[in-house]
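In the numbering used here, the protein residues as written are 56 to 415. Cβ coordinates follow ideal geometry from the N, Cα and C atoms, glycine included.
Below, the structure is given as structure tokens:
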């Protein structure tokens, strides 16, 4: 079984198109991360001084240390006073200064007031810390996940459909292990490719973050950072917790997407058609979600693979009420992922084998 898995995995990564696509994806990662270097950090401090690069980073770390810990009204007021004074010293209006100041003053007042109105429990659990490095990394990873989905589709779509195209399905399935181990090896090799690609998509930006920003702020609340990441999530999410969520649901999304693609690949006899159908399945939820204002429709779209790749949206989506209890959409998504794997292991074998019987 191990040899069959290795053979099928090498078939996936050995295709010239996939090698070129992986190389292009690697270059894209490097370009994206290169544009997020500390060297490009450009801010104004509270005295109106223009700071660049490591000097700007040192200033932000100093501010983070000053306000570190639970968010309080006193700290928020101090941050807003600092923002007002900084804008005056820099010769800017507050809105312009807010866009070019440190990582937190632009959001402190708004987030504090909105939390008080919408989620007092969240307000009381927020923690201040240095979040820029973590926010930059998580945004990079989630952006890459969306692109990674297309790479998974192109790599996995030919797994079954290519056998039809070259006439190998009959030969393969009449072999001793054709309908059992060979099909399972194809499925497991596809999942392995998707999971490994996901891990690499996470691992490279994390190494970059550690090199550029260090580990500062892992306990800080993402909701209180400059980007307001995970703001819609009704509980406090620390930077490290957010990172774990992105990883777990990123892997789940890759596996779920692979399941859909494998089922399509087993059902159609053309790799090109398999790619087109899989792209539609992947892209339509991205395009249509929140478009029509229908909660049940949005809930359905949220549990698709693209929802995993935007985990904050998935976690914030209103759950389904059953007998007075709310079932969160993220749990339904994980159940769907497990069901997808099971459907491929059982249904994929049946579809692929049945296609061969009809063609004989």
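Under the rule that 16 or more other beta-carbon atoms within 10 Å means buried, what is residue i, buried or exposed?
| i | result |
| --- | --- |
| residue 151 | exposed |
| residue 65 | exposed |
| residue 329 | buried |
| residue 215 | buried |
| residue 141 | buried |
| residue 97 | exposed |
| residue 146 | exposed |
| residue 346 | exposed |
| residue 297 | buried |
| residue 348 | exposed |
| residue 363 | buried |
If you reduce the DSSP assignment to three classes, tell me which class residue i lands in.
| i | result |
| --- | --- |
| residue 273 | coil |
| residue 340 | helix |
| residue 379 | coil |
| residue 293 | strand |
| residue 280 | coil |
| residue 327 | helix |
| residue 108 | helix |
| residue 95 | helix |
| residue 267 | helix |
| residue 332 | helix |
| residue 182 | strand |
| residue 146 | coil |
By Cβ distance, which residues of its chain are closer than 8 Å to residue i, with the 5 residues on each side in sequence left out?
| i | result |
| --- | --- |
| residue 83 | 199 and 202 |
| residue 375 | 354, 381, 382, 384 and 387 |
| residue 299 | none |
Between which residues of its own chain and residue i is the CB-CB distance below 7 Å, once the five residues before and five after are set aside?
| i | result |
| --- | --- |
| residue 180 | 291 |
| residue 367 | 284, 285, 287 and 288 |
| residue 365 | 197 |
| residue 217 | 326 |
| residue 246 | 310 and 313 |
| residue 5 | Because the chain here runs from 56 to 415, residue 5 falls outside it and cannot be looked at. |
Would you mind giving the Cβ-Cβ distance between residue i and residue j, rounded to the nearest angstrom? I have them listed as a contact below 8 Å.
| i | j | result |
| --- | --- | --- |
| residue 395 | residue 314 | 3 Å |
| residue 118 | residue 192 | Their Cβ separation, rounded to whole angstroms, is 20 Å, which puts residue 118 and residue 192 out of contact at 8 Å. |
| residue 280 | residue 190 | 5 Å |
| residue 114 | residue 100 | 5 Å |
| residue 310 | residue 392 | 6 Å |
| residue 268 | residue 93 | 7 Å |
Looking at residue j and residue i, is the spacing between their C-beta atoms short of 8 Å?
| i | j | result |
| --- | --- | --- |
| residue 67 | residue 321 | no |
| residue 274 | residue 116 | no |
| residue 326 | residue 212 | yes |
| residue 369 | residue 295 | no |
| residue 136 | residue 208 | no |
| residue 399 | residue 318 | yes |
| residue 206 | residue 134 | no |
| residue 323 | residue 332 | yes |
| residue 240 | residue 63 | yes |
| residue 130 | residue 183 | yes |
| residue 397 | residue 373 | no |
| residue 210 | residue 73 | yes |
| residue 277 | residue 195 | no |
| residue 236 | residue 59 | yes |
Tell me which same chain residues have a C-beta within less than 6 Å of the C-beta of residue i, skipping the five on either side of it?
| i | result |
| --- | --- |
| residue 340 | 356, 359 and 361 |
| residue 57 | none |
| residue 103 | 144 and 145 |
Hey, is residue i close to the ligand MG, as in C-beta under 7 Å from one of its heavy atoms?
| i | result |
| --- | --- |
| residue 266 | Absence of the ligand MG is noted for the structure shown, with no ligands found whatsoever. |
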